[in-house]
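Visitor: In my numbering, the protein residues as written are 163 to 304. A virtual CB, placed ideally from N, CA and C, is assigned to each residue, including glycine. Everything numeric in this text was worked out from a predicted model, so none of it was measured. Before I ask anything, let me first share the structure, which is written out below as structure tokens.
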């Protein structure tokens, strides 16, 4: 068993769990950690691994998550704006499918794009922005 193996001094930081208990949807290639995953806050901090695969920071002075992704909330940021084009980036969240909506006000939204993440941050270029696309919001689905 893992406990016996660890009793011999091996793999002291390893954990066990079902795929469904550890990851959001391993069958679909979504290896973000579930909200109750035993791998959350279970890794040893390494100064050479200060960032996860998406570029998100690992906590300093606290136990980071096991694996290549640090659990973080879904974030939408605008990276650049030139010639009227907007470059948006979605990071974090535990979903695999993301919906991006735009609106001219905070009460009038319309679908802009839908993405399927392949374990990377997503970037979207709004190449033909219209005046009614001043605000953006994103949501994630498992």
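1. Which word fits residue 233, buried or exposed, when buried means at least 16 other C-beta atoms lie within 10 angstroms of its C-beta?
2. Any contact of the segment 222–233 with the segment 185–205, i.e. 3+ C-beta pairs under 8 Å?
3. Rounded to whole angstroms, what is the Cα-Cα separation between residue 190 and residue 303?
4. At the level of alpha carbons, what is the spacing between residue 165 and residue 179?
5. Comparing C-alpha positions only, which one of 301, 248, 223, 221 sits nearest to residue 258?
6. Would you please state the rounded distance, in angstroms, between the beta carbons of residue 298 and residue 262? I believe it to be under 8 Å.
7. Could you say which of 184, 247, 286, 199 lies nearest to residue 276 if we only look at CA atoms?
Guide: Taking the structure as given:
1. buried
2. yes
3. 13 Å
4. 13 Å
5. 301
6. 6 Å
7. 286
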